[in-house]
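Residue numbering for the sequence shown follows the UniProt record's numbering, starting at 1 and increasing by one per position. We put the CB at the ideal spot given by N, CA and C, even for glycine.
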Amino acid sequence: MLDTIIKHARIADGTGNPWYWGEIGLKDGMIAEIGTPDSINTEASKLVDARGEVVAPGFIDGHCHSDLMIMDYPDSIIKLKQGVTTEIVGNCGLAPAPFMTERANMLMEYITPVIGSTSNPWSWNTVGQYMDAVTAIKPAEHMATYVAHGALRIGVMGFENRPPTDTELDAMRAIVREGMEAGAIGLSIGLL
Numbered sequence: 001m002l003d004t005i006i007k008h009a010r011i012a013d014g015t016g017n018p019w020y021w022g023e024i025g026l027k028d029g030m031i032a033e034i035g036t037p038d039s040i041n042t043e044a045s046k047l048v049d050a051r052g053e054v055v056a057p058g059f060i061d062g063h064c065h066s067d068l069m070i071m072d073y074p075d076s077i078i079k080l081k082q083g084v085t086t087e088i089v090g091n092c093g094l095a096p097a098p099f100m101t102e103r104a105n106m107l108m109e110y111i112t113p114v115i116g117s118t119s120n121p122w123s124w125n126t127v128g129q130y131m132d133a134v135t136a137i138k139p140a141e142h143m144a145t146y147v148a149h150g151a152l153r154i155g156v157m158g159f160e161n162r163p164p165t166d167t168e169l170d171a172m173r174a175i176v177r178e179g180m181e182a183g184a185i186g187l188s189i190g191l192l
C-alpha cells in the first residue's frame, strides 16, 4: 500500500524531455512509482488530484542571500511555495561565516544591507559551525554554502586596502581549506 498517489499529473521530470501525463506513488516520503495515467493500481491512504498542476523535482536557487533569514524562518515557506527545495548561500563574497569575533561589527555592517540579520545569536565562527547551526534548526529545505571572500578577508585583515601579507594569505588559505573540508561548495567573490 502506498501513502499517496498523485493522479492526473502533468509531469516535468527534469531530464529535459517534454512533460507528460502520469501519476506518482509515494511511500515513506519517497517516490515509489511513476506511471502513465491510471497505471498505478495499488491502494493508497491519500489520493491527490493534480489536474491543472505541474509536478516537478524541487528547484535549486543557486543565487540567494538567505544566509541569516533561514535562522528565523526555517520552514522556508516562501521558497517552498515556489518549488525551491535547495538554496545556495554565501554568494557575492557575503556570508556570516567565517566569523571572527574581533571584527564582528565590521562583518555585520558589511553584510547586513544585502543578507539582512537574524534575531538569533551567531553561535558560530567557522563555515562548518555555521552549517552545523543551520542543520540544528532543521530547515525545511536543503542548504549549501560557499566560503565568502568578503567575510574571509574582513576576518583576517579587516578593510585594509592593500595586498595581504604572506601570514595573512596563509591564514586565508587555512580558512578556505577548513570551509571546503566542512562541506562548502566553493569560494565566492563579489565586487561590492
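By the neighbour-count criterion, in which a residue is buried when 16 or more other Cβ atoms sit within 10 angstroms of its Cβ, Leu68 is buried. The alpha carbon of Val134 has as its nearest neighbour, out of Cys92, Gly16 and Glu87, the alpha carbon of Glu87.
Given a length threshold of 3 residues, each whole run of the beta strand (DSSP E) inside the segment 38–116 is given here in chain order: 44–49, 59–61 and 84–89. The shortest C-alpha to C-alpha distance from Ala148 to any of Glu109, Pro96 and Ser123 is the one to Pro96.
The residue among Val156, Met106 and Arg177 with its C-alpha nearest the C-alpha of Thr167 is Val156. If only uninterrupted beta strand (DSSP E) runs of at least 3 residues are considered, those enclosed by the segment 5–34 are 20–27. Where Thr118 is concerned, there is no enclosing beta strand (DSSP E), because DSSP gives it neither an H nor an E. Between the segment 35–53 and the segment 5–20 there are three or more C-beta pairs closer than 8 Å, enough to call the two in contact.
A distance of 8 Å or more separates the beta carbons of Gly183 and Met106.
Of Thr112, Cys64, Val84 and Thr101, the smallest CA-CA separation from Asn91 is found for Cys64.
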